[in-house]
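These notes concern the structure reproduced below.
In our numbering, the protein residues as written are 8 to 378.
See the structure below:
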């Protein structure tokens, strides 16, 4: 390995137990980075190792270490881990654990902003840190009200920011939109105010879908089921080919992105020679599609094209729905700077359907007494 390679640098990664974070951790390990992963409890470590032989081997070789931090927002909790660690880049994917609440300001918005600023403040106090990469979101570009009166002709760019950040949210979802925008704004304000020795990169993914690498069956990961695929956004996206009870009552903006591309972008962004600092990038596929993504016909088209046999067998009832809102976003700068094109919606949904079908087939074979 080139002695000047950034793979020699040490990364701190948060959120590794999550859908995107897990894939990001695997991507970083495959590129040879030394990793310090922050988790909230001891059982997270054993769970991560049970889900991936690569993680187990990386722990054994010393490439991957863990630090347990039950509360990232506790005084100096993050700083105490960073101090003396030799970490050069923080890749921050974790989000606050949002409780069921009606106090959106105290329980959703403020923790989201604090979660970002606590890492920036800790980084400012640790000389080795040179960059902080943060998972933001495309929802930071527009106000929540846009969903009910969308401007589907305007082209949004990474310079846009939700202009209604002082409004009072009327629902948890609206609070989430505001919290992500305020957290993104906080990172920009922090760097402008404090002029730290590190820089930041904000990544703004759209609707993240694709297969979940935590759900790959193995001797140490035997309990995964097809139902595990139907979580979060994946549940709603697969509703059109499955059953109506999976349908979302709220429409989805037609801006998908493959989870693998999101992970790839996070680790690409670690490279300070390649990706400019104090910058923000939209992560969305099919951004140049004239009519945008049609969630329903897109998913059904993949099933009809690639899973005709399963369709005839009744594996895909095609009963659910998912309304799409056309949203034009500009990813040209992302693809120019990063140097690669994001996977298209058809490839992404095909990979997600393949994972669900594979697990469904495995369940059927086990029920039939096959090993």
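Think of the CB as a built atom: it goes at the ideal place given N, C-alpha and C, for glycine as much as any other residue.
Expressed to the nearest angstrom, what Euclidean distance is found between the alpha-carbon atoms of residue i and residue j?
i	j	result
residue 299	residue 331	9 Å
residue 168	residue 321	45 Å
residue 254	residue 264	20 Å
residue 96	residue 62	20 Å
residue 8	residue 127	Caution is warranted here: a pLDDT of 39 is assigned to residue 8, below 50, making its placement in the model unreliable, and the coordinate value is therefore given only provisionally. Roughly 31 Å between the two C-alpha positions.
residue 313	residue 256	28 Å
residue 278	residue 204	16 Å
residue 333	residue 123	30 Å
residue 369	residue 246	21 Å
residue 107	residue 146	21 Å
residue 195	residue 49	33 Å
residue 179	residue 109	8 Å
residue 355	residue 266	9 Å
residue 26	residue 238	10 Å
How would you write the range of the alpha helix (DSSP H) that residue i sits in, first residue to last?
i	result
residue 191	179–201
residue 51	49–58
residue 85	84–89
residue 118	117–131
residue 342	339–345
residue 383	Nothing can be reported for residue 383: it is not among the residues displayed for the chain, which extend from 8 to 378.
residue 235	233–236
Grab me the residues of residue i's own chain with a C-beta within less than 6 Å of its C-beta, minus the 5 sequence neighbours each way, in chain order.
i	result
residue 358	217, 218
residue 71	42, 65
residue 91	none
residue 367	233
residue 12	Because residue 12 carries a pLDDT of 47, less than 50, the predicted location of this residue cannot be relied on, and no value is offered for it.
Which two residues bound the contiguous beta strand (DSSP E) that contains residue i?
i	result
residue 41	41–46
residue 31	Careful: residue 31 lies outside any beta strand (DSSP E), inside the alpha helix (DSSP H) at 26–37.
residue 272	First-last for residue 272: 266–275, but that is the alpha helix (DSSP H), not the beta strand (DSSP E).
residue 316	Premise fails: residue 316 lies in the alpha helix (DSSP H), 315–319, not in any beta strand (DSSP E).
residue 74	71–75
residue 210	206–212
residue 96	94–99
residue 17	17–21
Please look up how many angstroms separate the CB atoms of residue i and residue j, rounded, as I've assumed it's under 8 Å.
i	j	result
residue 2	residue 135	Outside the shown range of the chain (8 to 378) lies residue 2, about which nothing can therefore be said.
residue 236	residue 222	6 Å
residue 240	residue 215	6 Å
residue 244	residue 329	7 Å
residue 225	residue 60	7 Å
Apart from the five residues on each side of it in sequence, which residues of its chain come closer than 7 Å, Cβ to Cβ, to residue i?
i	result
residue 10	Model confidence at residue 10 stands at a pLDDT of 35, short of 50, so the residue's coordinates are unreliable and nothing is read from them.
residue 132	86
residue 31	20, 98, 100, 270, 273, 274
residue 310	248, 318, 323, 360
residue 182	111, 115, 116, 176
residue 34	270, 271, 274
residue 287	165, 209, 211
residue 197	124, 127
Less than 8 Å between C-beta atoms, sequence neighbours within five positions excluded: which residues of the same chain meet that for residue i?
i	result
residue 46	23, 24, 52, 55, 73, 74, 75, 76
residue 353	305, 308, 309
residue 336	145, 148, 162, 163, 164, 213, 262, 289, 291, 294
residue 362	218, 219, 222, 236
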